[in-house]
Each structure stands twice: as C-alpha cells, then as structure tokens.
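Residue numbers (the numbering used here): 3 to 247.
Set out below in structure tokens:
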C-alpha cells in the first residue's frame with residue numbers, strides 16, 4: 003500500500019505531466035507569438051513554427067496568407083454573415099508587411115494583390131530541424147474598428163503552411179507538409195487550427211453604442227479562392243516553386 007508521501011509524489015508527477023502536455027499542445031502548432039492587440043496599436047509580431055513535419059524532417063519553406071477583405075468570409079459571433087468587411091473595419095487594406103530576416107531561410111518575399119496590398123508572405127531556401135522553433139517576423143499596422151459597428155473584437159484568421167518536401171498537392175500528407183489553415187474548401191484545408199490575430203476594441207476612445215449591448219465578436223477568414231490563389235510560392239522567375247504544378 004502506498005503511504006501518504008508516495009501518493010503525493012505520484013499526484014505531483016501526474017500534475018506536472020498534464021501541465022507539460024498542455025504546454026506542448028499549446029505551442030506545438032504554428033501560431034502567432036502575440037495573438038491579440040488593442041485597437042489602434044501597431045506591432046511587430048512573429049509567425050512561430052513550433053515543430054517540423056516529423057522526426058528527422060526539416061521544414062524547408064513556409065507560406066502565410068492574410069485575408070484580403072475582398073471575398074473574405076465574415077463571421078459574427080460564430081455565424082457566417084453577409085456583411086462586408088468595411089462594416090466592421092475602417093481601414094482594412096495594406097495592414098501587413100514582412101520584416102526582412104534571413105536567419106533561417108535565405109529567400110523570402112511578400113505576396114501582393116492587384117492593388118499592391120500585402121496579402122501574405124513566403125520563405126524558402128533554408129531548413130528548420132525537428133526539435134527547433136523558428137520565428138518569421140512581420141509588422142501589423144494599427145487596425146481601426148468602425149465606430150458605428152457593434153464589434154468588440156476583430157479576429158483576423160490566417161492560413162500558414164510549413165513545407166518539408168516539395169510535392170504536388172496530390173501528394174500532401176504526414177511528413178511532407180503541415181497545414182495550419184482554416185477549413186473553407188480550399189486545396190490547403192487543414193485541421194481548422196490556424197494562426198490568428200485578435201484586435202480588441204478601444205472602448206475608451208471608440209465606445210460601443212448603447213444599442214450594441216455587450217457587442218459582437220467578428221472573424222475575418224480567407225476564402226477558398228484566395229487561399230488557392232495566394233498560398234503557392236513563386237520563384238524569382240515567376241514560376242511556381244511550391245506546390246509542384
């Protein structure tokens with residue numbers, strides 16, 4: 003029979019194991035270093051690659067997409083809405099910029115839409131071994147929430163793909179690519195776990211109207227069409243590097 007001291011030791015060990023498991027689960031997927039920010043604040047952030055594609059695999063490239071606001075999916079309190087993005091955001095547009103960093107990947111570039119707005123970025127020509135963590139820096143400009151809206155928060159949902167082997171889409175799988183993307187019917191649908199940045203309304207300088215009650219939580223999510231268009235990585239000559247055509 004276990005004595006009191008032994009029982010306490012076992013309970014402590016179990017508690018530590020549970021905490022370690024929670025911690026590993028929280029930081030093992032690709033996410034943002036800073037997941038939330040106050041309205042009107044510009045910050046430098048990082049896409050954090052928490053692990054590679056499996057034991058012995060190196061992450062050799064990564065691609066990130068921000069919602070462009072054109073045909074993005076808008077959710078209000080979790081339900082899809084027909085509202086347009088300008089209903090909730092006053093200055094949605096060119097809010098993001100890649101911060102140059104060649105510490106791990108030698109090549110990188112921004113992805114831009116027809117108007118020159120940055121809608122994502124990619125990195126390649128490097129390697130991140132299993133067991134390491136890599137930070138991909140970018141700048142997020144100050145988002146302004148539309149004063150007439152009832153939005154108390156705006157969650158910008160991103161799509162990020164970590165690549166361990168260059169293949170066609172038809173060969174995606176474990177040990178080849180990690181898909182940290184929303185499930186929207188694109189060629190890059192993952193498990194529905196993806197990086198996001200939540201902008202919280204400045205209720206002091208931009209108060210909610212009394213008719214809003216406690217307000218609503220809004221999500222902006224890239225559409226399948228945008229992910230299919232903007233997720234691929236192009237090389238310097240304009241040819242598709244990943245996925246293989």
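Glycine is no exception: its CB is placed at the ideal position from the N, C-alpha and C atoms. Predicted, not measured: the structure shown is a model, and the values here were computed from it.
Exposure of residue 221, with buried meaning 16 or more beta-carbon neighbours within 10 Å
Within the chain shown, residue 221 is the residue found at index 219, counting from 1. Burial state of residue 221 is buried, judged by a 10 Å Cβ sphere holding 16 or more other Cβ atoms.
Contained beta strand (DSSP E) runs [length at least 3] in the segment 87-132, N- to C-terminal order:
Counting only runs of 3+ residues, the beta strand (DSSP E) found wholly inside the segment 87-132 occupies 98-100, 107-114, 120-128, in chain order.
If we count the other Cβ atoms within 10 Å of its Cβ and call it buried at 16 or more, is residue 228 buried or exposed?
On the chain shown, position 226 is the one that residue 228 refers to. Classification of residue 228: buried, given that the 10 Å Cβ count is 16 or more.
Sequence-distant residues of its chain with Cβ nearer than 6 Å to residue 108 (five each side left out)
In the chain shown, residue 108 corresponds to position 106, counting from 1. These residues qualify, in order along the chain: 127, 128.
By the three-class DSSP mapping on this structure, what secondary structure does residue 171 have?
Counted from its first residue, the chain shown places residue 171 at position 169. For residue 171, the three-state secondary structure derived from DSSP is helix.
Could you tell me the alpha carbon to alpha carbon distance between residue 206 and residue 41, rounded to whole angstroms?
Position 204 of the chain shown, counted from the start, is the residue given in the question as residue 206. Position 39 of the chain shown, counted from the start, is the residue given in the question as residue 41. If I take the Cα positions, the gap works out to 11 Å.
Endpoints, the alpha helix (DSSP H) within which residue 232 is located:
Taking the first residue of the chain shown as position 1, residue 232 is located at position 230. Residue 232 -> alpha helix (DSSP H) spans 226-232.
Assumed close pair residue 154, residue 218 - CB separation to whole angstroms, cut-off 8 Å
As a working note, residue 154 is residue 152 in the chain shown. As a working note, residue 218 is residue 216 in the chain shown. 7 Å between Cβ atoms; contact.
Using 8 Å as the threshold, is the segment 131-145 in touch with the segment 172-179, meaning 3 or more CB pairs across them?
They do not touch, by the three-pair rule.
Three-way DSSP call (helix, strand, coil) for residue 144 in this model
As a working mapping, residue 144 is identified with position 142 in the chain shown. Looking at residue 144 - three-state DSSP - the assignment turns out to be coil, as it is neither helix nor strand.
Going by DSSP, name the residue or residues bridged to residue 139.
As a working note, residue 139 is residue 137 in the chain shown. Looking at the DSSP assignment, residue 139 forms a beta bridge with 48.
Here's the rule: buried if 16 or more other CB atoms are within 10 angstroms of the residue's CB, otherwise exposed. What is residue 47?
Residue 47 sits at position 45 when you count from the first residue of the chain shown. That one is buried.
Per DSSP, what are the beta-bridge partners of residue 77 in this structure?
Numbered from its first residue, the chain shown carries residue 77 at position 75. Here residue 77 is bridged, per DSSP, to 82, 221.
Closest to residue 174 by C-alpha separation, out of 65, 75, 245, would be which residue?
By one-based count along the chain shown, residue 174 stands at place 172. The residue with the shortest Cα to Cα distance from residue 174 is 245.
Pick out whichever of 104, 123, 116 has its Cα sitting closest to the Cα of residue 130.
Here residue 130 corresponds to residue number 128 of the chain shown, with the count starting at 1. Of 104, 123, 116, the residue nearest in Cα terms is 104.
Nearest neighbour of residue 133, chosen from 39, 55, 226 [CA to CA]:
Start at 1 with the first residue of the chain shown, and residue 133 comes out as number 131. Checked all of 39, 55, 226; the closest Cα to residue 133 is 55.
Exposed or buried, what is residue 32 when buried is set at 16 or more other beta-carbons lying within 10 Å of its beta-carbon?
For this step, residue 32 is matched to residue 30 along the chain shown. The residue is buried, with at least 16 neighbouring Cβ atoms inside 10 Å.
Distance, residue 65 Cα to residue 157 Cα:
In the chain shown, counting from the first residue as 1, residue 157 sits at position 155. In the chain shown, counting from the first residue as 1, residue 65 sits at position 63. In this structure, the alpha-carbon of residue 157 lies about 20 Å from that of residue 65.
For residue 139 and residue 120, I'd like the C-alpha separation in whole angstroms.
Within the chain shown, residue 139 is the residue found at index 137, counting from 1. Within the chain shown, residue 120 is the residue found at index 118, counting from 1. Cα-Cα distance, rounded: 14 Å.
Buried versus exposed, by CB contacts within 10 Å (16 or more), residue 188:
Within the chain shown, residue 188 is the residue found at index 186, counting from 1. Residue 188 comes out buried.
Report, in whole angstroms, the separation of the C-beta atoms of residue 50 and residue 137, which I expect to be a contact under 8 Å.
Numbered from 1 along the chain shown, position 48 holds the residue referred to as residue 50. Numbered from 1 along the chain shown, position 135 holds the residue referred to as residue 137. In this structure residue 50 is in contact with residue 137, their Cβ atoms being roughly 6 Å apart against a cut-off of 8 Å.
Cβ pair residue 94, residue 88 closer than 8 Å:
Counted from its first residue, the chain shown places residue 94 at position 92. Counted from its first residue, the chain shown places residue 88 at position 86. With respect to the 8 Å criterion, residue 94 and residue 88 are classified as neighbours on the basis of their beta carbons.
Within the continuous beta strand (DSSP E) that includes residue 66, where are the two ends?
Locating residue 66 in the chain shown gives position 64, counting from the first residue. First-last of the beta strand (DSSP E) with residue 66: 63-67.
For a test of the three-state rule: what should DSSP assign to residue 245, helix, strand or coil?
As a position in the chain shown, residue 245 is number 243, starting the count at 1. Residue 245 falls in the coil class under three-state DSSP.
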